[in-house]
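The structure under discussion appears below in the form of structure tokens.
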Amino acid sequence: MNPLVSIVIPVFKVEKFIERCLSSVIKQTYKNIECILINDVSPDSSMEVAENFILNNPDFNFIVFNQPTNQGLSMARNAGIDLAKGKYIYFLDSDDEITDYAIDHLVKLAEETNAEMVLGQSVCINEEENWRRNYFPIRSKKDVLEGNKNIVWNFVKEQYPVMACDKLVRLDFLMKHKLYFVKDLFSQDVLWSFQSMLKFEKIAFLREDTYFYYFHGASIIHNRGEKHFGNWITIASFMDKAYHEEKDDYKKKMITEYLVSFKASTLEMNWKAQKNEVLWKKSYKAYSTMKMLDILDYFSSEYSLKLKKQDFFYRLPLFIGYPFFRWRFNR
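Heads up, the sequence shown is in my numbering, so the first residue is 451 and it goes up one at a time.
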């Protein structure tokens, strides 16, 4: 039996790339697919290109949904979740593409393992600089992870990537746990993956390249402004809330570890991107109100020395923390 797969593609300002993306979809060796295009009121000719492509491929199951207003990537994906009819859902960004066998092999693994989520390997491509790299590797030694605590550990230890794309997920699992994307977030994949891993009981990894992620000037990853850093504060606040709502002591520990690392890494990215003192201090102040290590945690072997240093450096009073950060950063 070949279950239906819903591929969700948000469309916004991708007139140069959308045809390549859709071509990779219709080339799939797996045939029971519905491809849902969410038009997020793109101001360019993206939808014109897409609609011409659809007209030229009448035998493929395309569905087009027009958002009433531009609402961003999160809401476009949410619209796709609500429209999807498949057993599985797969998010594909409209400036990327997938290998011919991607859905076929991912579905096969999902059916064999009964996993709630399966993911393949992504290849990052920069056509302008002519390179290919594996920036988002699967590091887990195991092909199948069972048990929520095991999955939480692997997520926190960065054993699999946080990208929402290239993950085939059971639609009923998303609906059961109401795992929608949060509106107006630019780094929505991190939070969605964080919230999902708190619910997963079984996931599986496909050790094959299935997704081509393209770096270019229009990529979100290259366009970080003040809103993006404000979004990181929002994401951290969701993680802090998850910590306080969690009943399991082990998962509380792992959430703490992830949150401390997240705060440290985003403060560094914040500075590297803009070197804006006011913006950095705003993030620092916000993070200081969120969960940190307890005093006894500094004497515990359960947390690494690196994590303890991260926590200590970013809990100092601001008038000490900022110059100390500058000194450490510029060494």
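Where is the CB? At the ideal position from N, CA and C, for every residue including glycine. This one's a predicted model, so the numbers in the text were calculated from it and none came from an experiment.
Query raised in the report: Does DSSP put ILE468 in a helix, a strand or coil?
Result: Translated into the one-based positions of the sequence shown, residue 468 becomes position 18. Helix.
Query raised in the report: Is TYR610 buried or exposed, if buried means 16 or more other CB atoms sit within 10 Å of its CB?
Result: If you number the sequence shown from 1, residue 610 lands on position 160. Answer is buried; the Cβ neighbour count reaches 16.
Query - Residue nearest to VAL514 in terms of C-alpha spacing, selected from GLY530, GLN521 and ASN506 - result: Here residue 514 corresponds to residue number 64 of the sequence shown, with the count starting at 1. Per the Cα distances, GLY530.
Requested in this report: Assign GLN521 to one of three DSSP states: helix, strand, or coil.
Outcome: The count along the sequence shown starts at 1 and reaches residue 521 at position 71. If DSSP states are grouped into helix, strand and coil, GLN521 belongs with coil.
Requested in this report: For ALA526, collect the residues of the same chain with a Cβ closer than 7 Å to its Cβ; drop the 5 residues on either side in sequence, then sort them by chain order.
Outcome: For the purposes of this step, residue 526 is identified with residue 76 of the sequence shown, where counting begins at 1. Closer than 7 Å at the Cβ level, and outside the excluded window around ALA526, lie PRO460, ILE488, ASP490 and GLN517.
Requested in this report: Can you check DSSP and say which residues form a bridge with GLN760?
Outcome: For the purposes of this step, residue 760 is taken as the residue at position 310 of the sequence shown. Answer by DSSP bridge pairing: none, since GLN760 is not bridged.
Report task. Let me know the secondary structure DSSP gives ASN564 once reduced to three states. Result -> Along the sequence shown, read from residue 1 onward, the residue named residue 564 stands at position 114. If DSSP states are grouped into helix, strand and coil, ASN564 belongs with coil.
**Report entry** Per DSSP, the bridge partner or partners of ILE588
**Finding:** For the purposes of this step, residue 588 is identified with residue 138 of the sequence shown, where counting begins at 1. ILE588 pairs with nothing; no bridge assigned.
Requested in this report: Can you give me the Cβ contacts of SER637 inside the same chain, cut-off strictly under 8 Å, excluding the 5 residues immediately before and after it?
Outcome: Position 187 of the sequence shown, counted from the start, is the residue given in the question as residue 637. If the five residues before and after SER637 are omitted, its C-beta is found closer than 8 Å to the C-beta atoms of HIS678, ASN681, TRP682 and ILE685, all from its own chain and listed in chain order.
Requested in this report: To the nearest angstrom, report how far apart PHE510 and LYS722 are at their CA atoms.
Outcome: Walking along the sequence shown from the start, residue 510 turns up at place 60. Walking along the sequence shown from the start, residue 722 turns up at place 272. So the two alpha carbons sit approximately 45 Å from each other.
Query raised in the report: Counting only runs that start and end within the segment 602-643, where is the beta strand (DSSP E) found for 3 or more residues in a row?
Result: 617-620
Query raised in the report: For ARG620 versus GLU566, is the C-beta distance shorter than 8 Å?
Result: Taking the sequence shown and counting its residues from 1, one reaches residue 620 at position 170. Taking the sequence shown and counting its residues from 1, one reaches residue 566 at position 116. Taking 8 Å as the Cβ cut-off, ARG620 and GLU566 qualify as a contacting pair.
Requested in this report: Could you spell out where the alpha helix (DSSP H) holding ILE770 opens and where it closes?
Outcome: What you label residue 770 is simply residue 320 of the sequence shown in a count that begins at 1. Looking at the DSSP string, the run of the alpha helix (DSSP H) that includes ILE770 is 768-780.
Query - Nonlocal neighbours in the same chain, by C-beta distance under 7 Å from ASN780, ignoring five residues either side - result: If you number the sequence shown from 1, residue 780 lands on position 330. Hits under 7 Å: none found.
Query - Simplified DSSP assignment, three categories, for ARG582 - result: Taking the sequence shown and counting its residues from 1, one reaches residue 582 at position 132. Three-state DSSP puts ARG582 in a strand.
Report task. May I ask you to list the residues that DSSP assigns as paired with GLU484? Result -> Taking the sequence shown and counting its residues from 1, one reaches residue 484 at position 34. As a beta-bridge residue in DSSP terms, GLU484 pairs with SER456.
Requested in this report: Report yes or no: do three or more beta-carbon pairs, one from the segment 734-753 and one from the segment 708-719, lie closer than 8 Å?
Outcome: yes
Requested in this report: Between the Cα of TYR700 and those of LEU648, HIS666 and ARG765, spot the shortest distance and give me the residue it belongs to.
Outcome: Residue mapping note: residue 700 aligns to position 250 of the sequence shown, counting from 1. Shortest Cα-Cα distance from TYR700 to any of LEU648, HIS666 and ARG765 involves LEU648.
Requested in this report: Spell out a yes or no on whether the segment 588-604 and the segment 622-631 are touching, meaning 3 or more CB-CB pairs, one atom from each, closer than 8 Å.
Outcome: no
**Report entry** Which listed residue (CYS615, ARG657 and GLN571) has its alpha carbon closest to that of ASP639
**Finding:** For the purposes of this step, residue 639 is taken as residue 189 along the sequence shown, with counting starting at 1. Answer by Cα proximity: CYS615.
Query - Close beta carbons around TYR772, own chain, < 8 Å, minus the five adjacent residues each side - result: In the sequence shown, the residue the question calls residue 772 occupies position 322. Correct list, in chain order: GLU727, TRP730, LYS731 and TYR734.
Query raised in the report: Which one of LYS463, GLU498, TYR708 and VAL455 has the shortest CA to CA distance from TYR480?
Result: Against the sequence shown, residue 480 aligns to sequence position 30. The candidate whose alpha carbon is nearest that of TYR480 is VAL455.
Report task. Indicate whether VAL797 and ASP545 have their beta-carbon atoms separated by less than 8 Å. Result -> For the chain, the structure presents residues 451 to 781; residue 797 sits outside this window and is missing.
Query - Closest residue to ASP543 among SER474, ASN520 and TYR693 (Cα-Cα distance) - result: Here residue 543 is taken as the residue at index 93 of the sequence shown, counted from 1. ASP543 has its Cα closest to that of SER474, out of SER474, ASN520 and TYR693.
Query - Other residues of its chain near TYR664: CB distance less than 6 Å, five sequence neighbours each side excluded - result: The sequence position of residue 664 within the sequence shown is 214, counting from 1. If we look at TYR664 and ignore the five residues flanking it on each side, its Cβ neighbours are ASP545, ASP546 and ILE575.
Requested in this report: Determine the DSSP secondary structure at THR660, reduced to helix, strand or coil.
Outcome: Your numbering for residue 660 matches position 210 in the sequence shown. In the structure shown, THR660 sits in a strand (DSSP, three-state: E or B).
Report task. Give the range of the beta strand (DSSP E) segment to which ASN506 is assigned. Result -> Translated into the one-based positions of the sequence shown, residue 506 becomes position 56. Premise fails: ASN506 is in no beta strand (DSSP E) and is neither H nor E.
Query raised in the report: Is DSSP giving GLY570 helix, strand or coil here?
Result: By 1-based counting over the sequence shown, the position of residue 570 is 120. Strand.
Report task. Within 10 angstroms of the Cβ of GLY597, are there 16 or more other Cβ atoms? Answer buried if so, exposed if not. Result -> Taking the sequence shown and counting its residues from 1, one reaches residue 597 at position 147. It counts as exposed.
Query raised in the report: Which residue's Cα is closest to the Cα of PHE462: PHE774, LEU656, SER524 and ASP550?
Result: Walking along the sequence shown from the start, residue 462 turns up at place 12. Per the Cα distances, SER524.
Report task. State yes or no: is the beta carbon of VAL728 nearer than 8 Å to at least one beta carbon in chain C? Result -> The structure shown contains no chain C; it holds only a single protein chain.
Query - Rounded Cβ spacing between ALA560 and VAL573 (contact assumed at less than 8 Å) - result: Along the sequence shown, read from residue 1 onward, the residue named residue 560 stands at position 110. Along the sequence shown, read from residue 1 onward, the residue named residue 573 stands at position 123. Between ALA560 and VAL573 the beta-carbon gap is near 21 Å, outside 8 Å, which marks them as no contact.
Query raised in the report: How close, in whole Å, do the beta carbons of GLY570 and ASP659 come, if the pair is a contact with beta carbons under 8 Å?
Result: Mapped onto the sequence shown, residue 570 falls at position 120. Mapped onto the sequence shown, residue 659 falls at position 209. Indeed, because the Cβ distance is near 7 Å, the residues count as touching under 8 Å.
Query raised in the report: In three-state DSSP terms, what is TYR700?
Result: Translated into positions along the sequence shown, residue 700 becomes position 250. Helix.
Requested in this report: Return the bridge partner residues of ASN576 from the DSSP annotation.
Outcome: Taking the sequence shown and counting its residues from 1, the one referred to as residue 576 is at position 126. Answer is TRP581 and PHE665.
Query - Proximity winner among GLU579, ILE468 and TYR540, relative to SER496 (alpha-carbon distances) - result: Working through the sequence shown from its first residue, we reach residue 496 at position 46. For the residues GLU579, ILE468 and TYR540, the minimum Cα distance to SER496 belongs to ILE468.
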